[in-house]
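Colleague:
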Amino acid sequence: MFSLTLDNAAANEVAVKDVIKVFMKKSPLVCDGLFFHVRCANHILNLIARDGLKQIGDAIWGIRTFVLAVKCSPPQWEDFIKCAEECGLSTTRGLSLDVQTRWNSTYLMLKDAIYYKDAFDRLYETDKKRYAGVNPSDEDWDQAQILCKCLKRFNDITELLSGTLYPTANLFYQSFCEIKALISEWCSSANDTIKRMTDSMNTTFEKYWKKSNIALVVAFFLDPRYKKKAIEFYMRKIYGPLLYHGKVEEFIVVVKQMYQAYASIPKGATGHGSANGVDPKRCDIMEEDDDEDFQNYLHETHGLVDEGETSDLEKYMAEPPLRGPKTGSNKFDVLSWWKSHQEVYPILSVLARDALAIQASTVPSESAFSAGGRVIDPFRSRLEPEMVEALICTKYWVAASRKDDKKGVGSILNDLEVAETLIANLTLEDLEDKV
1 MFSLTLDNAA
11 ANEVAVKDVI
21 KVFMKKSPLV
31 CDGLFFHVRC
41 ANHILNLIAR
51 DGLKQIGDAI
61 WGIRTFVLAV
71 KCSPPQWEDF
81 IKCAEECGLS
91 TTRGLSLDVQ
101 TRWNSTYLML
111 KDAIYYKDAF
121 DRLYETDKKR
131 YAGVNPSDED
141 WDQAQILCKC
151 LKRFNDITEL
161 LSGTLYPTAN
171 LFYQSFCEIK
181 ALISEWCSSA
191 NDTIKRMTDS
201 MNTTFEKYWK
211 KSNIALVVAF
221 FLDPRYKKKA
231 IEFYMRKIYG
241 PLLYHGKVEE
251 FIVVVKQMYQ
261 AYASIPKGAT
271 GHGSANGVDP
281 KRCDIMEEDD
291 DEDFQNYLHE
301 THGLVDEGET
311 SDLEKYMAEP
321 PLRGPKTGSN
331 KFDVLSWWKS
341 HQEVYPILSV
351 LARDALAIQA
361 STVPSESAFS
371 AGGRVIDPFR
381 SRLEPEMVEA
391 LICTKYWVAA
401 SRKDDKKGVG
411 SILNDLEVAE
421 TLIANLTLED
431 LEDKV
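Just so we're aligned, residue 1 is where the sequence shown starts under UniProt numbering, counting upward by one.
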């Protein structure tokens, strides 16, 4: 076994150590289990976003209250729709109420509210006395714009790393580097509210960044669109021009260590599985301007390949990055690429197969966005363990297939709520009859 992806529960630290001991007795782990424990990326993103939102509750109070006032009163909703029509806005989009335990719902609420800003302003002008206490200020709207942009990146990356039909390990490092760059930019904001939010986010980010598994950086390196050039680009961005060279060299030492571990495995001890091409929905990590800088750096004049290079790793690093589909997206079928190049890189392709099989996230996005809730409610408290397992598994299987079929997170969550309601209304006898 190469790795195990778990959430960030403190108990998992002890559990992983025990699991490693058990595995080491039966069969040596790669590099003695150094890369075994992978922390769930979506749990980390959830903690970062949640800690940031805790700091700015007052800043979005006005918008949240105005949305609540309009949504919860049929007469006021009719007035709002009329104002939206007068402003030339679509009335089919609607407004979303947020749930404070689900940060993505706050993002959706702000996104919809910003779209209808002119309608809110017009509604306020029609009855200033009624809405005097909840009308957001211009500063509130400006802060909402910035916050919405921030949460959109979190939302997009959470969905990207939750994919079930394509590898996600090679997408982790770039995703988190872009989040880090965004947080660093906003930490120097002149807006005290935004600075307070991102300072909190940065503290949480640094805590988990230090604990992140370097095997996920190796997976990024083993995407032929990136290689060492991409590692240099992001390490320079994060550590600065003075420190990044040392960080890159430290990383290459780790890569060589992993490569040597695989080179020492007898031929025939590991087989090549099949890699079927998939065409998942596109989700881009980078903004257009950032991506242009990244592409220019990747494809700067590259040295000629030395025909004297002998090892897979040396040949791979000597070749320039592949000019494939846009970087930062899941459109490129990295598994098929390695399958077609396994004769060129017989050892490195086995390492790539294992590294790219790492799950960046333990849960699909709809679970990451969930407030949790009880799996067993009073109607199902006496179910056999097998039935509970079946309910949980089928819930996630259906959700995963629907999500990867280009369904949005909101649509999936609605489907799950309907399904859970139907299941809760079944009696124990009904459920047993289905088995």
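The C-beta atom is built at its ideal place from N, Cα and C for all residues, glycine as well.
Please state whether the Cβ-Cβ distance between L351 and Y239 is less than 8 Å.
Modeller: Within the sequence shown, the letter at position 351 stands for residue 351. Within the sequence shown, the letter at position 239 stands for residue 239. Not a contact, by the Cβ cut-off of 8 Å.
Colleague: Alpha carbon to alpha carbon, how far is D199 from G52?
Modeller: Translated into the one-based positions of the sequence shown, residue 199 becomes position 199. Translated into the one-based positions of the sequence shown, residue 52 becomes position 52. C-alpha separation (whole angstroms): 8 Å.
Colleague: What would DSSP say about T203, mapped onto helix, strand or coil?
Modeller: Start at 1 with the first residue of the sequence shown, and residue 203 comes out as number 203. Note: T203 maps to helix in three-state DSSP.
Colleague: When the Cα atoms are used, what is the spatial distance from M197 to F176?
Modeller: For the purposes of this step, residue 197 is taken as residue 197 along the sequence shown, with counting starting at 1. For the purposes of this step, residue 176 is taken as residue 176 along the sequence shown, with counting starting at 1. Going from the Cα of M197 to the Cα of F176 covers about 18 Å.
Colleague: Taking buried to mean at least 16 other C-beta atoms within 10 Å of its own C-beta, is L353 buried or exposed?
Modeller: Working through the sequence shown from its first residue, we reach residue 353 at position 353. Contrary to the premise, residue 353 reads as Arg rather than Leu in this sequence. Classification of R353: buried, given that the 10 Å Cβ count is 16 or more.
Colleague: Please report the residue range of the beta strand (DSSP E) in which R39 lies.
Modeller: For the purposes of this step, residue 39 is identified with residue 39 of the sequence shown, where counting begins at 1. Here the beta strand (DSSP E) through R39 covers 37 to 39.
Colleague: With a threshold of 16 other CB atoms inside 10 Å of the CB of A190, please say whether the residue is buried or exposed.
Modeller: Working through the sequence shown from its first residue, we reach residue 190 at position 190. It is exposed - the Cβ of A190 has fewer than 16 other Cβ atoms within 10 Å.
Colleague: Looking at the secondary structure, which residues open and close the beta strand (DSSP E) in which L4 lies?
Modeller: For this step, residue 4 is matched to residue 4 along the sequence shown. From DSSP, the beta strand (DSSP E) with L4 extends over 4 to 6.
Colleague: Since I157 is in the alpha helix (DSSP H), which residue starts that stretch and which ends it?
Modeller: Counting from one through the sequence shown, the residue named residue 157 turns up at place 157. Counting along the chain, the alpha helix (DSSP H) containing I157 begins and ends at 138 to 160.
Colleague: Could you tell me whether the segment 53 to 63 touches the segment 139 to 154, using the rule of 3 or more Cβ pairs below 8 Å?
Modeller: Touching, yes.
Colleague: Just to confirm my understanding: we take L47, look at its own chain, exclude 5 residues before and 5 after, and list those with CB closer than 6 Å. What are they?
Modeller: Mapped onto the sequence shown, residue 47 falls at position 47. Only T204 meet the Cβ criterion.
Colleague: Between the Cα of V99 and those of L6, C187, Y234, L108, spot the shortest distance and give me the residue it belongs to.
Modeller: On the sequence shown, position 99 is the one that residue 99 refers to. Out of L6, C187, Y234, L108, L108 has the C-alpha closest to the C-alpha of V99.
Colleague: At which residue ranges does the UniProt domain "hAT-like transposase RNase-H fold" (162 to 262) contain complete alpha helix (DSSP H) runs of 4 or more residues, listed in the order of the chain?
Modeller: Within the UniProt domain "hAT-like transposase RNase-H fold" (162 to 262), the complete alpha helix (DSSP H) runs of at least 4 residues are 169 to 187, 192 to 209, 214 to 221, 227 to 239.
Colleague: Can you grab the Cα-Cα spacing for the pair D118 / N202, in whole Å?
Modeller: As a working mapping, residue 118 is identified with position 118 in the sequence shown. As a working mapping, residue 202 is identified with position 202 in the sequence shown. Distance between the alpha carbons of D118 and N202: 34 Å.
Colleague: Between the alpha carbons of K54 and I183, how many angstroms are there, rounded?
Modeller: Here the question's residue 54 lines up with position 54 in the sequence shown. Here the question's residue 183 lines up with position 183 in the sequence shown. About 16 Å.
Colleague: Flag this pair as touching only if the segment 331 to 338 and the segment 220 to 234 have three or more C-beta atom pairs under 8 Å; answer yes or no.
Modeller: With the cut-off at 8 Å, the segment 331 to 338 and the segment 220 to 234 touch.
Colleague: Considering Cα atoms alone, identify which of L391, I63, L356, D79 is closest to A219.
Modeller: The residue given as residue 219 occupies position 219 in the sequence shown. Comparing Cα-Cα distances from A219 to each of L391, I63, L356, D79, the minimum goes to L356.
Colleague: How long is the line joining the alpha carbons of F172 and W103, rounded to whole angstroms?
Modeller: Translated into positions along the sequence shown, residue 172 becomes position 172. Translated into positions along the sequence shown, residue 103 becomes position 103. Rounded to whole angstroms, F172 to W103 spans 20 Å at the Cα level.
Colleague: Since Q76 is in the alpha helix (DSSP H), which residue starts that stretch and which ends it?
Modeller: Residue 76 sits at position 76 when you count from the first residue of the sequence shown. Start and end: 74 to 86.
Colleague: Heavy atom of the ligand ZN less than 7 Å from the Cβ of L322, yes or no?
Modeller: Absence of the ligand ZN is noted for the structure shown, with no ligands found whatsoever.
Colleague: If E161 sits next to A41, beta carbons under 8 Å apart, how far is it from one beta carbon to the other, in whole angstroms?
Modeller: Position 161 of the sequence shown holds residue 161. Position 41 of the sequence shown holds residue 41. According to the sequence shown, residue 161 is Leu rather than Glu. Between A41 and L161 the Cβ distance is about 5 Å, and since that is below 8 Å, they are a contact.
Colleague: Terminal residues of the continuous alpha helix (DSSP H) containing I63?
Modeller: If you number the sequence shown from 1, residue 63 lands on position 63. Looking at the DSSP string, the run of the alpha helix (DSSP H) that includes I63 is 61 to 71.
Colleague: Given a threshold of 16 other Cβ atoms within 10 Å of its Cβ, counted over all protein chains shown, does D32 qualify as buried or as exposed?
Modeller: Residue 32 sits at position 32 when you count from the first residue of the sequence shown. Result: exposed.
Colleague: Is DSSP giving N12 helix, strand or coil here?
Modeller: If you number the sequence shown from 1, residue 12 lands on position 12. Correct three-state label for N12: helix.
Colleague: Using only the alpha-carbon positions, how far apart do A181 and T106 sit?
Modeller: As a working note, residue 181 is residue 181 in the sequence shown. As a working note, residue 106 is residue 106 in the sequence shown. Rounded to the nearest angstrom, the two C-alpha atoms are 22 Å apart.
Colleague: Let me know the secondary structure DSSP gives P385 once reduced to three states.
Modeller: Along the sequence shown, read from residue 1 onward, the residue named residue 385 stands at position 385. Helix at P385.
Colleague: Does the beta-carbon of E13 have 16 or more other beta-carbons within 10 angstroms, so that it is buried, or is it exposed?
Modeller: As a first step, residue 13 is located in the sequence shown; it is residue number 13 there, counting from the start. The residue is exposed, with fewer than 16 neighbouring Cβ atoms inside 10 Å.
Colleague: Any C-beta of chain C sitting closer than 8 Å to the C-beta of P385?
Modeller: The structure shown contains no chain C; it holds only a single protein chain.
Colleague: Return the first residue and the last residue of the alpha helix (DSSP H) that S311 is part of.
Modeller: Position 311 of the sequence shown, counting from 1, holds the residue named residue 311. Premise fails: S311 is in no alpha helix (DSSP H) and is neither H nor E.
Colleague: R374 to M317, Cα distance in whole Å?
Modeller: Stepping through the sequence shown from its first residue, residue 374 is reached at position 374. Stepping through the sequence shown from its first residue, residue 317 is reached at position 317. Any reading at R374 needs caution, since the residue's pLDDT is 46, under 50, leaving its predicted position unreliable; the model's value is listed next. Straight-line Cα distance between these residues: approximately 49 Å.
Colleague: Is it right to say R323 is buried, meaning 16 or more other beta carbons lie within 10 angstroms of its own, or is it exposed?
Modeller: In the sequence shown, the residue the question calls residue 323 occupies position 323. Result: exposed.
Colleague: Can you tell me whether DSSP reads D127 as helix, strand or coil?
Modeller: For the purposes of this step, residue 127 is taken as residue 127 along the sequence shown, with counting starting at 1. The answer is coil: DSSP assigns D127 none of H, G, I, E or B.
Colleague: How many whole angstroms separate the CB atoms of D79 and R93, which I take to be in contact at a CB cut-off of 8 Å?
Modeller: Against the sequence shown, residue 79 aligns to sequence position 79. Against the sequence shown, residue 93 aligns to sequence position 93. So it is not a contact: roughly 17 Å between Cβ atoms.
Colleague: For the alpha helix (DSSP H) that contains K111, what are its first and last residues?
Modeller: Start at 1 with the first residue of the sequence shown, and residue 111 comes out as number 111. K111 -> alpha helix (DSSP H) spans 103 to 115.
Colleague: If you follow the alpha helix (DSSP H) that S336 is part of, which residue opens it and which one closes it?
Modeller: In the sequence shown, the residue the question calls residue 336 occupies position 336. Unbroken alpha helix (DSSP H) run through S336: 334 to 340.
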